[in-house]
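Novice: Going by this note's numbering, the sequence shown opens with residue 3, and the numbers climb by one from there.
In this text, a Cβ means the ideal position worked out from N, Cα and C, and glycines have one as well.
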Amino acid sequence: MRVPHNAMVVVADGRKMLFLRNEGDGLAPNLQVEHAEEQSNPADRDQKTDQAGRAASTRGGSFAAGGGTMGEVDFHQQEEDRFAATAADLLKKRALANDFEKLIIIAPPKTLGEMRKHYHKEVSDRLAGELAKDLTGHPIPDIEKALLAAD
């Protein structure tokens, strides 16, 4: 994938976000860190304080003997989704401030899908590409190589 000069490249997952600017050109990207953000998000088991609730199902006006469990909330995933929405909001603010003309987003498929739900029109209009990979823990040269190798 060609990365235009001065394009914003955002590498994110459910708890980390890295804003990079391409100081190079489309054939030889030179990504420089502009901003990094990280949020603490403990495992789901460390965020729960109680077990899932139980509900009795109704059939013909009477309660079923066994009842059933209500769906459990995955607090860890809920926080990751919230962080993705926050990242999309930050992109909106930067797009409205004309902070970038072209944008490339790199995120794991689930995070990328959640971010897409919250894209503002200005963000979508400036989107030059997306890469569905988790590269938040990788060094910048690896991110540059992954971008060049992408379609």
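#1: Beta-carbon within less than 8 Å of alanine 87's beta-carbon, same chain only, minus the 5 sequence neighbours each way: which residues are those?
#2: Please return the same chain residues whose Cβ sits closer than 6 Å to the Cβ of isoleucine 142, not counting the five positions on each side in sequence.
#3: Using a Cβ-Cβ cutoff of less than 7 Å, which residues in the same chain neighbour phenylalanine 21 once the five nearest sequence positions on both sides are dropped?
#4: Rounded to a whole number of angstroms, what is the C-alpha to C-alpha distance between glutamate 40 and aspartate 153?
#5: With a cut-off of 8 Å on the beta carbons, I'd call leucine 105 and alanine 130 a contact; round off their distance for me.
#6: Are the CB atoms of aspartate 144 and leucine 137 nearer to each other than 9 Å?
#7: Assign alanine 14 to buried or exposed, taking buried as 16 or more other Cβ atoms, counted over all protein chains shown, within 10 Å of its Cβ.
#8: Sorted by chain position, which residues of the same chain lie with C-beta nearer than 6 Å to phenylalanine 102's C-beta, five sequence neighbours on each side aside?
#9: In this structure, how does DSSP classify asparagine 43 when only helix, strand and coil are distinguished?
#10: Give the DSSP bridge partners of methionine 10, in chain order.
#11: Where does glycine 139 sit, in a helix, a strand or coil, going by DSSP?
#12: Candidates Pro31, Phe77, Met19: which alpha carbon is nearest leucine 93's?
#13: Identify, in the order they occur along the chain, each residue of the same chain with its Cβ nearer than 8 Å to the Cβ of histidine 7, setting aside the five sequence neighbours on each side.
#14: Can you grab the Cα-Cα spacing for the pair threonine 82 / glutamate 146, in whole Å?
#15: Please work out which residues of its chain come closer than 6 Å, Cβ to Cβ, to aspartate 91, disregarding the five sequence neighbours upstream and downstream, and give them in chain order.
#16: Looking only at DSSP bridge pairs, what is glutamate 132 linked to?
Specialist: In terms of the structure at hand:
#1: Counting only Cβ-Cβ distances below 8 Å, and skipping sequence neighbours, we find Glu116, Met117, Lys119, His120.
#2: Excluding positions up to five away in sequence, the list reads Leu33.
#3: Sequence-distant Cβ neighbours of phenylalanine 21 in its own chain, meaning closer than 7 Å and more than five residues away, are Met10, Val12, Glu36, His37.
#4: Rounded to the nearest angstrom, the two C-alpha atoms are 29 Å apart.
#5: Sure, about 6 Å apart at Cβ, within 8 Å.
#6: Against a cut-off of 9 Å, the Cβ pair of leucine 137 and aspartate 144 comes out as a contact.
#7: Counting the other Cβ atoms within 10 Å of the Cβ of alanine 14 gives 16 or more, which makes it buried.
#8: For phenylalanine 102, same chain residues with a beta-carbon under 6 Å away, outside a window of 5 residues either side, are Met10 in chain order.
#9: For asparagine 43, the predicted model reports a pLDDT of 49, less than 50, meaning its position is unreliable and no value from the coordinates is stated.
#10: DSSP output for methionine 10 lists Arg23, Leu105 as bridge partner(s).
#11: Glycine 139: coil per DSSP, three-state reduction.
#12: Checked all of Pro31, Phe77, Met19; the closest Cα to leucine 93 is Met19.
#13: Within the same chain, histidine 7 has close Cβ partners Asn24, Glu25, Gly26, Asp27, Gly28.
#14: According to the sequence displayed, residue 82 carries glutamate and not threonine. So the alpha carbons of these two residues sit roughly 25 Å apart.
#15: Cβ neighbours of aspartate 91 within its own chain (closer than 6 Å, five residues either side excluded): none.
#16: DSSP lists Ile107 as partners of glutamate 132.
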